[in-house]
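Following: one structure in structure tokens, then a few remarks.
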Amino acid sequence: MQLWMQMHDLRDAAETTYQVTKRNTDALLMQQQQRTNALTTDSAKPRPLRSYSQPFQFGGVVGLRPGRAMSTMAKPQQS
Numbered sequence: 204m205q206l207w208m209q210m211h212d213l214r215d216a217a218e219t220t221y222q223v224t225k226r227n228t229d230a231l232l233m234q235q236q237q238r239t240n241a242l243t244t245d246s247a248k249p250r251p252l253r254s255y256s257q258p259f260q261f262g263g264v265v266g267l268r269p270g271r272a273m274s275t276m277a278k279p280q281q282s
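For the sequence shown, this note's numbering puts the final residue at 282, and the numbers step up evenly by one.
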């Protein structure tokens, strides 16, 4: 009986933690969305997006170094 009560208490604690975490996450996402909407309506020109193109390795983890994206343009064919 005691084990059943402990399991029930643990389940209740986990459910409460989940509900609080979900509520906090939803609130933070809503705030972030509102800030994003405010920034996009307030600014005349959008900030440039950072592109990642050059791979690097640091501490055994491979990542991408910020920089200009490399692109090639096809040469027009002469007839």
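Every residue gets a Cβ at the ideal spot worked out from N, C-alpha and C, and that includes glycine. Computed from a predicted structure; not experimentally measured.
Alpha carbon to alpha carbon, how far is Thr-275 from Leu-213?
With a pLDDT of only 47 at Thr-275, under 50, the local geometry of the prediction cannot be trusted, and no value is derived from it.
Same chain, Cβ closer than 7 Å to Met-208, five either side skipped, listed in chain order:
Counting only Cβ-Cβ distances below 7 Å, and skipping sequence neighbours, we find nothing.
Assign Met-208 to one of three DSSP states: helix, strand, or coil.
In this structure, Met-208 counts as helix in the three-state DSSP scheme.
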